[in-house]
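Below: the structure, in structure tokens.
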Amino acid sequence: MKTRRIFLQKAGLSALALNLTPFNPIAAMTKEIFSEKQDEQPLRVAIMGLGSYGTRVARAMKDCKRAKLVGVISGTPSKIEAWQKEYAIPAKNCYNYETYHQIKDNPDIDAVYVITPNGLHMEHTLGVAKSGKHVICEKPMAVNSNEGKIMVDACNAAGVKLLIGYRMHFEAKTQEVVKMRMNGDFGKILFFQGLSGFIIGDPSQWRLNYELSGGGAMMDIGIYSINGARYMIGEEPIWVTAQETKNNPEKFKEGIDETIQFQLGFPGGAVASCLSTYSMNNLDKFFVNGLKGFAEMQPSTGYGPIEGKTHKGPLTNPHVTHQTTQMDEMAAIILDGKKPLVPVDGEEGLKDMVIIDAIYEAVKTGKKVNLV
């Protein structure tokens, strides 16, 4: 990429010369060096929570150009030792859950990616923010909107950024569909369908523990359909209705939803019909329909590759590991102030939490819940 950039810059200078524009070699050299330094400046990240998804993010970051894994936070000494060896992490950048507040004195860490269970997100986000480091928090950002608001306010007060791990916001085919919607290719949006589901395994895992997860399938994967409805339609919902189906109360105990069907209404007249479940496989689909056209994506939110088509034909954007793109783009947001096509800030995460709260309320009451 560096060689290509230098070539393009030199080609541009040649074109300027042909146009008889005065050439200042010192200014050109300074611009080239500055550009290279910008490309080489990394966001130095510590990962908090070294489970399966933390491992996925770490491996993806090996291919990042703007983000670099430099630290770890874990309650398991053996994991810290293994990660030190695999990712060449210095001992001074390794912390546990009792000592991680000391990162405030470590200038080699810029941000912490919180990938702990949902029920710990608020506590850990507040601790990182208090230490003066930027926060990337995995979705859902919290277990309810009250916690989400506290997190947003705490990061604002600390003067640090809060980003939510919405990897799909940076995925190429997803962005292509969003751009088509923005360009009016679908016309007036009328309908969105989101299906998110798989059969969950180990009944003792933290995702089925209410204290740690804050809920069941809705928190884990239903949030994709909520978020997708919002960026595919391009509006914020004004009402929600929802119904729960629970066939296995032994596995899915009180507070852990097994299957929820929910509907969202939007101010422009569009409606969304969505399903979130831990009891059915092969459910990973988005469909958006407008007066002029449509887009269909299946799989729509899995780790990839995403597949899809529109009324204009197949989506052909090349697949790149989602977390690699996500971390590079988040580095640009934090370091350069880049504005993403679809927001990933704390306020974006909070909007989803408000809707999830309303869905649970609608399930409980059986009534339509207004969001405005």
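According to our numbering, the residues represented by the sequence shown are 1 to 372, in order.
The beta carbon of each residue, even a glycine, is placed where N, CA and C say it ideally should be.
According to DSSP, is residue i part of a helix, a strand, or is it coil?
i, result
"Ile200", "coil"
"Asn93", "helix"
"Pro77", "helix"
"Phe170", "helix"
"Asp336", "helix"
"Tyr113", "strand"
"Val143", "coil"
"Gly346", "helix"
"Tyr360", "helix"
"Ala154", "helix"
"Ala270", "coil"
"Ser279", "coil"
"Leu190", "strand"
"Glu244", "strand"
"Gly165", "coil"
"Asn289", "strand"
"Ala67", "strand"
"Ile256", "coil"
"Asn227", "helix"
"Ala60", "helix"
"His319", "coil"
"Glu123", "helix"
Between residue i and residue j, what straight-line distance do the alpha-carbon atoms span, to the nearest angstrom?
i, j, result
"Pro117", "Lys292", "42 Å"
"Glu244", "Ala142", "21 Å"
"Lys253", "Gly119", "17 Å"
"Ile199", "Glu258", "10 Å"
"His145", "Val354", "At residue 145 the sequence reads Ser, which differs from the His that was named. Straight-line Cα distance between these residues: approximately 5 Å."
"Thr241", "Phe186", "26 Å"
"Pro203", "Met232", "34 Å"
"Ala58", "Lys68", "9 Å"
"Lys179", "Arg230", "14 Å"
"Asp220", "Thr55", "18 Å"
"Arg207", "Gly215", "8 Å"
"Asn289", "Gly308", "14 Å"
"Ala362", "Thr125", "29 Å"
"Ser196", "Glu147", "25 Å"
"Val315", "Pro107", "It is worth fixing the name first, because residue 315 is Leu in this sequence and not Val. The alpha-carbon atoms of Leu315 and Pro107 are separated by roughly 43 Å."
"Gly304", "Thr321", "7 Å"
"Pro318", "Asp110", "30 Å"
"Ile103", "Phe294", "48 Å"
"Leu275", "Val342", "23 Å"
"Met327", "Asp345", "14 Å"
"Lys367", "Ala358", "10 Å"
"Gly127", "Ile150", "12 Å"
"Leu50", "Gln84", "12 Å"
"Glu211", "Gln205", "12 Å"
"Thr30", "Glu347", "The pLDDT assigned to Thr30 is 41, lower than 50, so where the model puts this residue is not dependable; a value taken from the coordinates is nonetheless given after this. Cα to Cα, Thr30 sits roughly 38 Å from Glu347."
"Tyr166", "Ala82", "27 Å"
Sort out for me which residues DSSP pairs residue i with in a bridge.
i, result
"Asp284", "Ser196"
"Lys309", "Glu296 and Pro314"
"Asn370", "Trp239"
"Val72", "Ile47 and Cys94"
"His134", "Ala111"
"Leu264", "Val240 and Ala272"
With a Cβ-Cβ cutoff of 8 Å, do residue i and residue j count as a contact?
i, j, result
"Thr174", "Met182", "no"
"Met330", "Leu163", "yes"
"Tyr53", "Ile73", "no"
"Ala60", "Gln323", "yes"
"Phe192", "Ala270", "yes"
"Lys312", "Gln298", "no"
"Ala129", "Val160", "yes"
"Ser213", "Gly194", "no"
"Lys351", "Glu236", "yes"
"Ile189", "Gly265", "no"
Are there 16 or more other CB atoms within 10 angstroms of the CB of residue i, so buried, or fewer, so exposed?
i, result
"Ile333", "buried"
"Asn227", "buried"
"Lys133", "buried"
"Ile238", "exposed"
"Ala11", "Any reading at Ala11 is ruled out, since the residue's pLDDT is 40, under 50, leaving its predicted position unreliable."
"Ser300", "buried"
"Gly184", "exposed"
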